[in-house]
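Before any comments, here is the structure.
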Amino acid sequence: MLKVGIIGVGTVGASVANILRDNKNIITARAGIEIEPVLGVVSNLSKERDVSIKLTDNIDEVLNDDSIDIVVELMGGIEKPYEIVKKALAKGKAVVTANKALLAYHRYELQDLAGDTPFEYEAAVAGGIPIINALREGLTANNILSIKGIMNGTCNYMLTKMIDEGIDYDTILQESQELGYAEADPTFDVGGFDAAHKLLILGSIAYGIDAKPEDILIEGIQDISPEDIDFANEFDYSIKLLTIAKKIGNEIELRVHPVLLPNSEMIAKVDGVMNGVSVIGDKVGETMYYGPGAGGDATASAVVANIVDIARRGKGSPMLGFETSYGEDLKLMSKDDIKTKYYLRLRVEDKAGVLAKIATILSEYDISIEKMIQKPLNKTCAHLLLSTHTCIESDISKALAKIEATSFVTSKPAMIRIED
3 MLKVGIIGVG TVGASVANIL RDNKNIITAR AGIEIEPVLG VVSNLSKERD VSIKLTDNID
63 EVLNDDSIDI VVELMGGIEK PYEIVKKALA KGKAVVTANK ALLAYHRYEL QDLAGDTPFE
123 YEAAVAGGIP IINALREGLT ANNILSIKGI MNGTCNYMLT KMIDEGIDYD TILQESQELG
183 YAEADPTFDV GGFDAAHKLL ILGSIAYGID AKPEDILIEG IQDISPEDID FANEFDYSIK
243 LLTIAKKIGN EIELRVHPVL LPNSEMIAKV DGVMNGVSVI GDKVGETMYY GPGAGGDATA
303 SAVVANIVDI ARRGKGSPML GFETSYGEDL KLMSKDDIKT KYYLRLRVED KAGVLAKIAT
363 ILSEYDISIE KMIQKPLNKT CAHLLLSTHT CIESDISKAL AKIEATSFVT SKPAMIRIED
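Residue numbers (our numbering): 3 to 422.
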């Protein structure tokens, strides 16, 4: 029998305990051994929880119990769970976590500490979608050319509503909070940080890149306007908060931001609270993974799958996908060197010659306009909505700064990258 201790018996932790109980027969048949949740750690013992396992508020009861084989960490946070997981690994206990923030900052240290001790984390990225195992195992024969992911259900729900129903950002944010999709302080989700943590994990598995959130481009959806939605609809785009990893020569792009995606792209069809990940391998081509990215049962399903993997294998497989270096010296691409197309929203004085002046500034940085719409706002101002051909991030940034400084631009320009 394998005994499991769960640190953090909230929505997901309770679901893990209940799945192990409710589906015990089939899990035992698939694992080849009985798996029993024996102890759960909570911060408040007086709170009612729908679980049948023994509960404690003392983490050491799990860590110091030599009969517990697997520690499931579901408490959230970064530094405190890091110390707890280190102690569990030091005692030779296998670890399963759903903690993306922990892994965004400490995945390489934990890999070194784990060694041959199993350490699994499927639920840390895209909830119930088995993207970690797909990259580490199913696609192991491939060089990964790119990963594009919609990995925050809150943002995807909000953007879907804004596009389909014309709801403005503030209204849909309030609705999302009322429905429980967004927190009272939604910054972690709408600011792109949640998705960035997940991207960093996938980037390590695919490319062996050790980057922290501070090292990569992260932008959120807070500035998406109805005018942006109109432009997207006009030219058959969807707007998504996208995580992007790309291999360009010996450099790796890692970035998270809103994008305009052609509606013909498979990943553009991922709507509502659902998640989706597109992976392109050099041999297999594009594979697509779709499903619930959050929720107690969906996330717990991935946690239990990891527990079963440990029961089957015993020895840990490479935590981040690599036994050794494979000889290619890859490095993180500078944010300034990113190349893509761009959509610009400019509020300008509605008078002759303004568009020509903007085009002249753009041309100074070798940027050309591909599409353009002008929408009058009042008698004196208009919105210019335009897209560019492919150019360099540093050039578009310099051009926008120069455009903003002109007398005929009346507010800060907005920019969304285009992936097509």
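Glycine included, every Cβ here is placed at the ideal spot set by N, Cα and C.
The structure presented is a predicted model; accordingly, all values stated were derived computationally and were not measured.
Whole-Å CB distance - residue i paired with residue j, under 8 Å assumed
i, j, result
"Y345", "I418", "5 Å"
"K285", "A143", "6 Å"
"I282", "K343", "No, I282 and K343 are not in contact; Cβ-Cβ is about 19 Å, not under 8 Å."
"A103", "A304", "No, A103 and A304 are not in contact; Cβ-Cβ is about 17 Å, not under 8 Å."
"L322", "S178", "Actually they do not touch by this definition, with Cβ atoms about 33 Å apart."
"I312", "L348", "Wrong, their Cβ atoms sit about 55 Å apart, outside the cutoff."
"I174", "V279", "Not really, about 24 Å apart at Cβ, beyond 8 Å."
"T162", "D273", "4 Å"
"I220", "G194", "5 Å"
"E75", "I9", "5 Å"
"V350", "T412", "7 Å"
Short Cβ contact (8 Å threshold) for residue i with residue j
i, j, result
"V87", "E122", "no"
"V192", "T156", "yes"
"D196", "N145", "no"
"I231", "M160", "no"
"M276", "G298", "no"
"R257", "I269", "no"
"E38", "V6", "yes"
"G389", "K400", "It should be noted that the sequence gives Ser, not Gly, for residue 389. No."
"I398", "I369", "yes"
"N252", "L147", "no"
"L202", "A354", "no"
"D24", "V43", "no"
"Y291", "I61", "no"
"P320", "D352", "no"
"V18", "V306", "yes"
Residue i Cβ short of 7 Å to the ligand HEM heavy atom set
i, result
"S319", "Absence of the ligand HEM from the depicted structure is noted, as is the absence of any ligand whatsoever, leaving it without description."
Buried versus exposed call for residue i [16 or more other C-beta atoms within 10 Å across all chains shown]
i, result
"N46", "exposed"
"S266", "exposed"
"K49", "exposed"
"N158", "buried"
"G129", "buried"
"A186", "exposed"
"N308", "buried"
"L65", "buried"
"A100", "buried"
"S409", "exposed"
"G222", "buried"
"T301", "buried"
"M335", "buried"
"M3", "exposed"
"I55", "buried"
"R109", "buried"
"P120", "buried"
"P260", "buried"
"I28", "exposed"
Chain B within 8 Å of residue i, Cβ atoms only
i, result
"H108", "Absent here is chain B; the protein component of the structure consists of one chain."
Q) Curious, which full-length alpha helix (DSSP H) runs of at least 4 residues does the segment 64 to 134 contain? A) 81 to 92 and 102 to 116
Q. So does the segment 386 to 398 actually touch the segment 333 to 347, counting three or more Cβ pairs closer than 8 Å?
A. Touching, yes, given that three or more Cβ pairs across the two stretches are closer than 8 Å.
Q: Let me know the alpha helix (DSSP H) ranges lying completely inside the segment 384 to 419, each 4 residues or longer, listed in chain order.
A: 395 to 406
Q. Any chance the segment 103 to 121 sits against the segment 234 to 253, with 3 or more Cβ pairs inside 8 Å?
A. no
Q: List in chain order: all unbroken beta strand (DSSP E) runs of 3+ residues lying wholly within the segment 248 to 306.
A: 253 to 264, 276 to 283 and 287 to 294
Q.
Tell me whether the segment 131 to 138 and the segment 210 to 226 touch, counting them as touching only if at least three CB pairs, one residue from each stretch, are closer than 8 Å.
A. no
Q.
Contact between the segment 81 to 95 and the segment 177 to 192 is defined here as three or more beta-carbon pairs at a separation below 8 Å; is this criterion met?
A. With a cut-off of 8 Å, the segment 177 to 192 and the segment 81 to 95 do not count as touching, because too few Cβ pairs lie within range.
Q | Inside the segment 183 to 249 only - alpha helix (DSSP H) runs reaching at least 4 residues | A | 189 to 192, 195 to 209 and 228 to 236
Q | beta strand (DSSP E) runs wholly inside the segment 348 to 372, at least 3 long, in chain order | A | If we require 3 residues or more, the segment 348 to 372 turns out to have no beta strand (DSSP E) run fully inside it.
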